[in-house]
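Structure first, then comments.
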Amino acid sequence: MKLTKLPLVAALSLLVLSSNAWAQSTKRLIDEVNPFIGTSNFGTTNPGAVVPNGLMSITPFNVSGSPELNKFDKDKRWWSTPYTADNKFFSGFSHVNLSGVGCPELGSIIVSASAGDLDVDYTHYGSAMSEEKAHPGYYSVQLNKHKIKAEVTATQRTAVSAFTFERGGKSNILVNLGLGLTNESGATVRFLNDSTIVGSKLMGTFCYAPQAVFNQYFAIRISRRAPASGYWKKQPPMEGVEAEWDKDQGKYKIYPTYRKEISGNDIGVWFSYDTKPGETIYVQTGVSFVSEENALLNLTTEQPKLDFAAVRRAAEDSWEKALRVVEVEGGTTDQRKIFYTALYHLLIHPNILQDVNGQYPMMGSLQTATTKHDRYTVYSLWDTYRNVHPLLSILYPRKQLAMVETMLDMYKEGGWLPKWELYGQETFTMEGDPSIIVINDTWQRGIRDFDTKLAYEAMLKGATTPGKDNKLRPDFDDYASRGYVPLREKFDNSVSHALEYYIADWNLSQFASAMGKKKDAQLFARRASGYKHYYDKETGLLRPILPDGKFLTPFHPTLGRDFEPNPGFHEGNSWNYSFYVPHDIRGLAKLMGGERKFVDKLQSVFDKENYDPANEPDIAYPYLFTYFPKEAWRTQRITSQLLSKYYRNEPSGIPGNDDTGAMSAWAIFSMLGFYPDCPGSMSYGLTTPTFDKVTIHLDTKYYKNPTLVIETRPVDEHTNRQRIYFDEFQIGNKLYKNTYRINHDELMNAGKITFFTKLVGGTPEITVD
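In mature numbering (1 follows the signal peptide of the UniProt record, and there is no 0), the protein residues as written are -23 to -1, 1 to 746.
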């Protein structure tokens, strides 16, 4: 190498450039995440600490108990999240929480701290909160009333809270086992010694599912032995004398305490201290859904010693590794925050269920088993089959494989594939037969190292079992004999049911064909075309059908817009469902009178504000224009508008419930520039990417290339900051013009795809709004 002496200015310039490059390469992606996004506007996410797909999540609980919320209590406000950015009254940290769901559950075992005389009423010891800070794996807050700084971090199955008592003096740690989001309040707790307790809390009846009841076990260890401790309960506590073996003295030591174990509703445990100013007391918590012993084993294994800083570093490192699978360049600060927060939310559910020894509660059973792979739980499949699982298959295929293996284990244990599984219990919430779609989609994407014979057996059971014995398709007989589900009760969601069966059966047809089952493939493909029964020429929409075969009259297509009861449809209306035939868009267009009428009708959904960005049935609508190349510019304009309007770097920055990552997955795909509008089909609709460059690090076990680079270049440099449209892209040396859909294998094997963008595209008369 030839060395050249540089002028001082040039040398300094190189030094600055080098320093900037180093700083950019070492910048933490976890700092691009804003965990407060989605904590308002019913996003129902929370800013607490969790590791990727971890069993433990610990978050501030602030939706009950404050004077400011009394009006909500009187109105019986139905909170489905432990935290909302709109409230500032801290009741404690809840252990194991759901993210982005619409029904309340879990959010219990609430640990808090107070200063001064002991008061176990959470409406009294609760505090106004301020100075909140959060990033992946860590959260902190100031408890104004008590002058306490509260911090939390987590491992896969444990958490550690740090309470720093700024004033010192009388101080308390409180464990509230009655408060929570679950509909159950029963619990049991016992002292192992004066700084360790174990117990269980009853959970269940998620979304009115009475059969979905289970126990959450816990072990809690306090960093300092308490001079005084005890229980609280609505009835007076029972005092006595208990004996404990003293290993050092070789004899029993006697000390006054409350009775060693207590059970009941609305119980709790307190520990009281005299602290020095600035002293920190730590609370380490392990959880299990198998036993108290396993909760303690999880705690001692994952936190063998007390080291808050080390746990925090490990949590942050785990997130950094997970987020770095996708590296973006360019875009605004807000766009990067939105993207990485969405990726963060994607990796919360499904979460692992097994303990460190591999044990987990079997599906629908009081028995336990041991798993060789990660055992997952929280399968909100009606939401996640559409985009979460396809995205996991691309970015984290090994996780997706274990999720499919878990689903098959559930079938072996409980007799059915999951529908909306929660901690080993089936809730039967929402519609359809979604596991079929997830399994086929996973297989089609090349993740095939699971038991396909067992999978096919399980899929067939839901798709062929007649009568009321069919737990996944309760109206199967009508569906099989008529080709549709008639409206037999006023609000039985019949159209929603049938549309979900159609997409499930189309996926089953694809899987059957791949397995060499030609007759089955033909049967299920034929069933999947049954949506045509619902098409009403008068309105140009899908309309409920009565048992006599006639359409429902009167018919109000917009009824259900505000979640009011609506004959034939669940969480939406006819506008939200009428284009939900993802497996046969061209057939639907023909049914509606051809491309022009189809496009005009679809465009009217957006023009007349009948599109619901906060729910799943219509979230793929913007991408349906890509089936018709001359109309694909509409996809590019609409997705850009939706991202700008509904996804923001603020607490209200998700358009409703995140639905265990489904809303976030929509944003991720849309910002990357491609979307799986038909799960199970290996075709993506394309839109204009948000960033200058994206590097996706692929798993070479499943994909040929180690990376996929998505690059966006303006045709005209002057429109670089206003690019909206593209009408050509390049893969290798091949230039694609007026092409707006791409095959999965072609995209994943591209190595690099470059979009050429401009301010105005597609149709000359279109201008930027």
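From the three backbone atoms N, C-alpha and C, an ideal C-beta is built for every residue, glycine too.
Reduced DSSP category for residue i - H, G, I as helix; E, B as strand; rest coil
i	result
Ile150	strand
Ser486	helix
Val73	coil
Gly439	helix
Glu466	coil
Ser621	helix
Asp386	helix
Thr616	helix
Gln119	strand
Ile480	helix
residue 785	Limits of the chain in this structure are -23 at one end and 746 at the other, which puts residue 785 out of reach.
Asn328	strand
Ala(-3)	Low per-residue confidence applies at Ala(-3): pLDDT is 39, beneath 50, and the placement is therefore not dependable enough to give any value.
Trp393	coil
Lys578	helix
Met106	strand
Val381	helix
Asp251	strand
Residues that DSSP places opposite residue i in a beta bridge
i	result
Asp513	Leu518
Met689	The sequence given here has Thr at residue 689, not Met. Answer is Phe732.
Ile258	Phe140
Asn364	None; Asn364 has no bridge partner.
Ile125	Leu120 and Phe142
Lys711	Ile708
Thr347	Gln336
Glu403	Glu398
Trp209	Gly245
Ser85	His72
Residue i versus residue j: straight-line alpha-carbon distance, rounded
i	j	result
Ser206	Gln119	25 angstroms
Gly638	Lys396	17 angstroms
Phe732	Lys714	10 angstroms
Ser138	Thr257	10 angstroms
Gln618	Lys567	28 angstroms
Pro12	Asp577	39 angstroms
Asp693	Phe605	26 angstroms
Asn634	Gly155	26 angstroms
Asp589	Gln613	18 angstroms
Gln499	Ser486	7 angstroms
Asn543	Pro534	9 angstroms
Ser295	Lys670	24 angstroms
Gly255	Trp209	28 angstroms
Met436	Tyr456	16 angstroms
Thr135	Met33	6 angstroms
Thr645	Thr318	As written in the sequence, residue 645 is Ile, which differs from the Thr given in the question. Those two C-alpha atoms are separated by around 10 angstroms.
Gly69	Thr130	14 angstroms
Nonlocal neighbours in the same chain, by C-beta distance under 7 angstroms from residue i, ignoring five residues either side
i	result
Phe583	Ile615
Cys655	Pro559 and His560
Asp8	His112
Asp482	Ala440, Phe501, Arg504 and Ala505
Glu572	Ala566 and Phe605
Tyr512	Leu519 and Leu568
Ala105	Lys65, Phe66, Asn121 and Lys122
Own chain partners of residue i with C-beta closer than 8 angstroms, once the 5 adjacent residues on each side are dropped
i	result
Leu46	For Leu46, the pLDDT reaches just 45, beneath the cut-off of 50, and the residue's location in the model is therefore unreliable, although a value from the coordinates is still provided. So the list reads Val40, Arg54, Asn64 and Phe66, once near-sequence residues are dropped.
Glu269	Val175, Gly176, Ser177, Tyr194, Phe195 and Ala196
Met(-23)	Note on Met(-23): pLDDT 34, under 50, position unreliable in the model; the coordinate value appears next. If we look at Met(-23) and ignore the five residues flanking it on each side, it has no Cβ neighbours.
Ala(-13)	Confidence at Ala(-13) is low in this model, with a pLDDT of 40, below 50, so the placement of that residue should be treated as unreliable; the coordinate-derived value is given next. Within the same chain, Ala(-13) has no close Cβ partners at all.
Closer than 7 angstroms: residue i CB and nearest the ligand FMN heavy atom
i	result
Gly103	Of the ligands one can find in the structure shown there are none, so the ligand FMN has no counterpart to examine.
Same chain only: Cβ atoms within 6 angstroms of residue i, ignoring 5 sequence neighbours per side
i	result
Phe427	Val381 and Glu382
Gly423	Tyr679
Asn160	Thr182
Thr173	Arg198
Phe651	Tyr661 and Leu663
Ser43	Because the pLDDT of Ser43 is 48, which lies under 50, any placement of that residue in the model is unreliable, and the number read from its coordinates should be weighed accordingly. Only Phe66 meet the Cβ criterion.
residue 753	Since the displayed the chain opens at -23 and closes at 746, residue 753 lies outside it and no answer follows.
Ala(-3)	Unreliable positioning characterises Ala(-3) in this predicted model, as indicated by a pLDDT of 39, which lies under 50. The coordinate reading is nonetheless provided below. For Ala(-3), where only same-chain residues beyond five positions count, there are no Cβ hits under 6 angstroms.
Exercise. Taking contact to mean at least 3 C-beta pairs separated by less than 8 angstroms, is the stretch 551 to 558 in contact with the stretch 588 to 599?
Worked result: yes
Exercise. Within the chosen definition, does the stretch 258 to 265 reach the stretch 183 to 202 through at least 3 CB pairs nearer than 8 angstroms?
Worked result: yes
Exercise. Are the stretch 117 to 131 and the stretch 82 to 102 in contact at 8 angstroms, needing three or more beta carbon pairs?
Worked result: yes
Exercise. Within the chosen definition, does the stretch 175 to 182 reach the stretch 275 to 282 through at least 3 CB pairs nearer than 8 angstroms?
Worked result: no
Exercise. Is there contact here, the stretch 622 to 632 with the stretch 388 to 403, by at least three beta-carbon pairs under 8 angstroms?
Worked result: no
For this session: Check whether the stretch 677 to 690 touches the stretch 720 to 727, taking contact to mean three or more Cβ pairs, one atom from each stretch, closer than 8 angstroms.
Result: yes
Exercise. Just checking, does the stretch 342 to 357 make contact with the stretch 321 to 328 on the three C-beta pairs under 8 angstroms criterion?
Worked result: yes
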